[in-house]
Every structure is written in structure tokens, then in C-alpha cells.
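Residue 399, in the working numbering, is where the sequence shown stops; the numbers in between run on with no holes.
We treat Cβ as the ideally placed atom computed from N, Cα and C, and that holds for glycine.
Every value quoted in this text rests on a predicted model; they were computed, and no experiment measured them.
Heads up: the structure comes next, in C-alpha cells.
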Amino acid sequence: MTPSLRLFQRLAWTAPVLLFLFLLTQALVRTQAENDEPADKRKIYIVAGPPSHPSGQHEFYAGAMILQRALNEQSGLPLEAIVYKHAWPEDPAAFENAAAVVIYSDGGGGHPAGPHLDELDALLAKGVGLMCMHYAVEVPKGDWGDRFTRWIGGFYEGGFSVNPHWNAKMEANRHHPVSRGVGVTLAHDEWYFNIRFPQPKQAVDLMTALPTEEALTRRIHWNPAGDAALGKDQALMWGIQRPDGGRGVGFTGGHWHYNWAIDEFRTLVLNAIVWTAGLDVPESGVKSDPVAEEQLNENLDPKGDMVRVQLPDLPVPKKD
């Protein structure tokens with residue numbers, strides 16, 4: 080047998096073996112990758128309230144979809160955000176395996192959680208987190224207020240709290256994980272303040288700003304408490320670690336839809352959602368892609384006089 084023939088036979092025998100080893104290695108790599116994937120992602124349910132206010136304001140569904148996209152597709156975290164559009168879900172299993180519920184909606188007597196307080200109480204007693212955003216932090220005082228104080232640490236109380244529009248210099252609490260990746264930034268919003276907190280206060284301020292006469296651009300539902308609070312740092316986002324193991328957050332911003340294009344504004348909220356769900360906030364903050372003007376105008380609620388939402392131009396001047 081010639082040397083070349085022997086070499087050919089050796090190669091003919093070893094090739095299938097090498098192919099088998101290659102395929103086995105690839106299968107092991109895929110299996111390891113699958114094992115590295117979390118078996119169960121943390122479920123975050125976002126209740127986006129029905130249409131409210133003129134176009135570009137209270138865009139609960141469009142804002143929720145921006146947050147959902149960031150959490151599911153950009154954060155790289157083991158979680159899944161599900162958005163319920165315009166209403167509290169009727170399915171009794173709608174919050175199954177929830178790590179957190181986020182309510183971004185109108186509040187007061189029309190709060191979507193109003194008919195479901197006992198249901199929500201039972202859910203949170205299991206350690207599920209709750210975050211309320213913008214108008215959803217306002218509930219009637221009494222039983223509702225007592226529950227929300229227990230759930231998220233405080234609430235907007237009509238006649239005591241105020242909700243002017245103003246240019247707030249947002250400063251996140253550097254001692255808390257929600258501040259990760261968030262720089263000091265300016266955002267014009269309908270920032271509520273003078274929140275009703277129990278004494279002694281249980282909640283921790285997660286983001287504060289200083290309201291001044293110069294910063295205010297419009298006063299709404301103003302009262303003497305608002306005058307007394309001017310020139311004093313105010314909690315615009317706060318959080319609580321509940322005895323049941325769950326976490327609660329109140330965030331007063333979210334009136335103007337354009338603010339979701341401000342990186343620090345968006346990152347702060349994403350960090351707070353992740354913290355509320357019991358996950359560790361990444362050292363550089365929850366990752367999300369920049370939000371362009373085109374994306375701001377996706378999923379807007381159909382309203383009478385539709386406007387195109389533009390990127391924020393700050394600071395916003397006072398109206399004459």
C-alpha cells in the first residue's frame with residue numbers, strides 16, 4: 080500500500096470522528112447557554128390607564144410601551160414586562176407570578192385600583208412590589224390613603240399636596256441603587272410635591288428637587304402648603320421596603336410624554352421599576368436605547384386634537 084493511500088484511509092477514518100466531536104461540542108455549548116438562561120424571568124405588570132388629557136399629556140399607554148421595550152429588549156435583565164392597556168385586567172390570573180405591579184394612570188376617585196383594593200392588598204402581602212406613577216400616586220384620604228401609605232410609603236392628598244408644572248433639577252439619592260447611571264438633570268413636568276407622609280416618615284427619598292418661584296411655570300390646585308414648601312427640597316420619587324418583603328415606589332413625574340426622551344429621567348424610572356421587582360440595579364443603571372422623536376409618537380392614544388410630540392427643549396419658559 081502506497082503512503083498516499085494509507086494517508087487517505089487515515090483521513091477517511093478520522094473525518095467522521097472529528098465531525099462527531101465538533102457536533103458534540105456545539106451541542107454542549109448550546110446546552111450550557113440554555114442552562115445559563117434564567118428558568119423564570121421576573122414578571123412586571125404595567126397597568127396603563129385609559130386616555131386622559133390632551134394629546135402629548137398623560138400618554139400612559141405610549142409611555143408604558145417605551146418602558147416595556149427597554150425592559151424586555153434592551154436591559155439584558157432576567158425579566159418580562161407585560162402591559163395592560165387602558166384598564167385593570169379582568170382575568171383573575173392577570174398578575175400570576177408577579178414580581179411587581181406598576182400603575183401609570185389617572186388617580187383620585189377614578190384610580191383603576193379602586194375596585195380592587197382587597198385583591199391588590201392580598202397580592203402585595205405575598206411580597207409583590209408596587210410602583211405608582213404620576214396621577215396614580217393620588218388617592219382619597221382615609222382607607223385608600225392608609226393603604227397606599229402602607230404599600231408605597233405616602234400619597235398625594237388633595238388640599239394638602241400640590242401639582243404645579245415646573246422645571247425641576249432632578250437629584251437622585253446617591254445612597255440608593257435607583258441612582259445608578261443617573262446624573263443630575265433638568266426636566267419640566269407636572270411635579271407633585273408636599274406629599275402626605277406619615278410621621279415618623281417610613282419612606283426614603285429617591286429623587287428630590289427644589290421648587291422655587293422662578294422654577295414654576297404653572298400652578299394647579301395650589302394651596303398655602305405649596306407656598307410654605309417653596310425653597311425646600313421636595314421628594315418627587317420615594318421608596319419603601321415593606322415588612323412583608325415587598326417594595327413600594329411613588330413617582331410624581333410622567334405628565335409630559337416628551338420626558339421619556341431624557342436619558343436620566345427614563346433611567347431613573349427603569350431603575351426604580353427593577354428595584355421594586357426585587358432585582359439588583361446594574362452598577363451603570365438599567366440599559367436602554369435613546370428615544371427618538373419618531374418613537375415618542377408611537378402608540379399615542381387617539382384624542383381630539385392630535386399633536387406631534389417633540390423632543391424636550393429645556394428649560395420651559397413661564398407662560399404669560
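Apart from sequence neighbours up to five positions away, the residues of its chain that approach residue 337 with a beta-carbon distance below 8 Å are 135, 375, 388, 389, 390, 391, ordered along the chain.
About 11 Å separates the beta carbons of residue 247 and residue 314, which is beyond the 8 Å limit, so they are not a contact pair. Between residue 189 and residue 325 a beta carbon distance of about 25 Å is seen, past the 8 Å cut, so the two are scored as non-contacting. Take the alpha-carbon of residue 130 and the one of residue 168: they are about 16 Å apart. Note on geometry: alpha-carbon atoms of residue 218 and residue 371 lie some 34 Å from one another.
When DSSP states are grouped into helix, strand and coil, residue 144 belongs to the helix group. Its Cα nearest to that of residue 229, the residue 204 stands out among 153, 214, 204, 184. Pairing residue 358 with residue 398, the inter-Cα distance amounts to about 42 Å.
Within the DSSP secondary-structure output, residue 287 pairs in a beta bridge with 250, 314. Within its own chain, the residues whose Cβ lies closer than 7 Å to the Cβ of residue 321, once the five positions on either side in sequence are excluded, are 327, listed in chain order. Proximity of the segment 362-369 to the segment 142-159 meets the contact definition, three or more beta-carbon pairs being nearer than 8 Å. About 20 Å separates the Cβ atoms of residue 299 and residue 233, ruling out a contact at the 8 Å cut-off. When DSSP states are grouped into helix, strand and coil, residue 132 belongs to the coil group.
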